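The sequence shown begins at 94 in our numbering and counts up one residue at a time.
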Amino acid sequence: MTHSATLQLHQVAIGRGDFILCDDVNLTLHAGDVCHLVGENGLGKTTLLNQIAGLLPTTHGTITKSPLVYVSHQLGISPVLTVAQNLRFLFSLYDVQADNDTIDTALDMVGLYGLGDTSSVQLSAGQKRRIGLARLFIMTPTHAPLWLLDEPLTALDVAMVAKLEKRMGEFANMGGAVLATSHQAMQGANRVLDLAEFAL
Ligand SMILES: Nc1ncnc2c1ncn2[C@@H]1O[C@H](COP(=O)(O)OP(=O)(O)OP(=O)(O)O)[C@@H](O)[C@H]1O
94 MTHSATLQLH QVAIGRGDFI LCDDVNLTLH AGDVCHLVGE NGLGKTTLLN
144 QIAGLLPTTH GTITKSPLVY VSHQLGISPV LTVAQNLRFL FSLYDVQADN
194 DTIDTALDMV GLYGLGDTSS VQLSAGQKRR IGLARLFIMT PTHAPLWLLD
244 EPLTALDVAM VAKLEKRMGE FANMGGAVLA TSHQAMQGAN RVLDLAEFAL
């Protein structure tokens, strides 16, 4: 990995086994980068994020990465837990000590203050997404310098989209790097990775 790179993809093939969607993908992200990952449906954006996160194997090329936070399209919110319990679980994945004040602050940042004891099954789609995103308003590059975000803006209202875009910029300014998919415009991105350039 080049000096200070947070993420480096070198001639990476995106796909599953012999099913290759994109080839020779190169990308280097440094502290301060917010990269918008674009491409039509089914081109391999989620597959690439899964490969970077280590959830799928990479058979061709190399991926070098810093510790990361992955907010997947499947948010991993359990319907049988309360909002606060879900958030505590998500923080525990990153060894973040989440006391009550931290939970309250995170919920406040995503407009869910006071809903900590609510059963998550009662939440709307956008509110569930907000639980998944709440950790981003607490975590800094010291916890993990790389964020992988799969469709983070989906199902959010206009105000929350603006707030999240601002937060990504703050994280980058603190020394983090972000790789995020979105089918809508993403304010604040200084880089674009367009998978159409690598499609087979
Ligand atoms: N679990 C799976 N098993 C086999 N193939 C899969 C699986 N998940 C996705 N695929 C296939 O991999 C390809 C890429 O899917 P992927 O979800 O990475 O695309 P994407 O670019 O993120 O699409 P979208 O914009 O619709 O979210 C698709 O052809 C899809 O059918």
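A virtual CB, placed ideally from N, CA and C, is assigned to each residue, including glycine. Bear in mind that the values here come from a model prediction, so they are computed numbers and not experimental data.
**Prompt:** How far does the beta strand (DSSP E) with Arg223 in it reach, from first residue to last?
**Reply:** Per DSSP, Arg223 belongs to no beta strand (DSSP E); it is in the alpha helix (DSSP H), Ala218 to Ala227.
**Asked** Tell me, which residues are paired with Val118 by DSSP?
**Response** Val105
**Item:** Distance, Leu102 Cα to Leu114 Cα
**Value:** 16 Å
**Item:** Boundaries (first-last residue) of the beta strand (DSSP E) holding Ala273
**Value:** Ala270 to Thr274
**For Thr198 and Pro160, the rounded distance between their alpha carbons** = 24 Å
**Request:** Take Val127 as the anchor and find which of Ala248, Pro238 and Leu293 has the nearest alpha-carbon.
**Result:** Pro238
**Message:** Between which two residues does the alpha helix (DSSP H) holding Asp194 run?
**Reply:** Asn193 to Met202
**Request:** Give me every residue whose Cβ sits closer than 5 Å to any heavy atom of ligand 1, in chain order.
**Result:** Asn134, Gly135, Leu136, Gly137, Lys138, Thr139 and Thr140
**Prompt:** So Phe264 and Pro234 are in contact, right, with Cβ under 8 Å, and what is the actual spacing, rounded?
**Reply:** 7 Å
**Beta-carbon proximity list for Thr274, same chain, < 6 Å, skipping 5 on both sides** = Leu130, Lys138, Asp243 and Glu244
**Asked** Are Asp210 and Ala177 close, meaning C-beta to C-beta below 8 Å?
**Response** yes
**Asked** Less than 8 Å separating the beta-carbons of Ala172 and Ser217?
**Response** Just to set this straight, residue 172 is Pro in the shown sequence, not Ala. Cβ atoms of Pro172 and Ser217: not closer than 8 Å.
**Prompt:** So Ala248 and Arg222 are in contact, right, with Cβ under 8 Å, and what is the actual spacing, rounded?
**Reply:** 5 Å
**Asked** Can you name the residues that DSSP bridges to Arg284?
**Response** Cys128
**Asked** Among Leu205, Leu272 and Ala289, which has the Cα closest to the Cα of Gly281?
**Response** Leu272
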